[in-house]
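Colleague: Structure incoming, see below.
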Amino acid sequence: MTPAASVPYVLGLDTGTTTLREADHLLRALAAELALPEGVFGCTHLVRDGRPRVSLSLAAEAEPVLRTVRDRLTEQGYEVSEGAPDETGRAVLFPGADVLTGTLTLAELLARSAIDRVTVLGAPGEPAPETRLVTREHVRPHWQDGRLVLAAMPATGGTLVPFEDPNPTPCCADH
């Protein structure tokens, strides 16, 4: 689910971006340009209609914050709507995102950020709080049932890494 369950004001933004990387950069640029406060959530959403693309959502606890954002984005020519495009946004901007660098224990990750829990692909149950996560400076949790959840996978030395690779190899790169 989008932050709407806990953050009541949500805007959707169709920018025409076609890749997650492009959408991530745009979200960060807009956050800086609009001087968004720390508590704003910024998510990407895959749109699979006749024109596949990545749309964005911004969510905040205070309606005036997003009213100003809506006005400024509309002036810039963006298509802005009420609500998020779907309920499973991929969070790029969220409280604590900027401090999730280097290697952290899962307990530190959960204490420092808005992430509610961590799952490990192929593993039953929750990982131990002392498990170390190598962030690769690229932590992208998803909204699931109103909670921000980071999918991780096992890595060397008993550590975990976020499932999403910051530098993915394009499909068929060697063909």
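In terms of this note's numbering, the sequence shown is residues 109 to 283.
We put the CB at the ideal spot given by N, CA and C, even for glycine.
When the Cα atoms are used, what is the spatial distance from T125 to P235?
Modeller: Answer to the nearest angstrom: the Cα atoms are 35 Å apart.
Colleague: Could you check whether L121 and Y186 sit closer than 7 Å to each other, using their CB atoms as the reference points?
Modeller: Yes. Within cutoff.
Colleague: Identify, in the order they occur along the chain, each residue of the same chain with its Cβ nearer than 6 Å to the Cβ of E245, setting aside the five sequence neighbours on each side.
Modeller: Closer than 6 Å at Cβ, skipping near neighbours: T209.
Colleague: Rounding to the nearest angstrom, what Cα-Cα distance links T261 and T227 in this structure?
Modeller: Position check: residue 261 holds Met in this sequence, whereas Thr was assumed. Going from the Cα of M261 to the Cα of T227 covers about 8 Å.
Colleague: Please confirm whether A139 and V162 have their CB atoms less than 7 Å apart.
Modeller: It is not a contact, given that the beta carbons lie outside the stated cut-off.
Colleague: Please report the straight-line C-alpha distance between V200 and L134, rounded to a whole angstrom.
Modeller: Cα to Cα, V200 sits roughly 10 Å from L134.
Colleague: How is the alpha helix (DSSP H) around R136 delimited, first residue to last?
Modeller: Where R136 is concerned, the enclosing alpha helix (DSSP H) stretches over L128 to E141.
Colleague: So R225 and V257 are supposed to be a Cβ contact under 8 Å. How far apart are they, rounded?
Modeller: That belief holds up - the Cβ atoms of R225 and V257 are roughly 5 Å apart, short of 8 Å.
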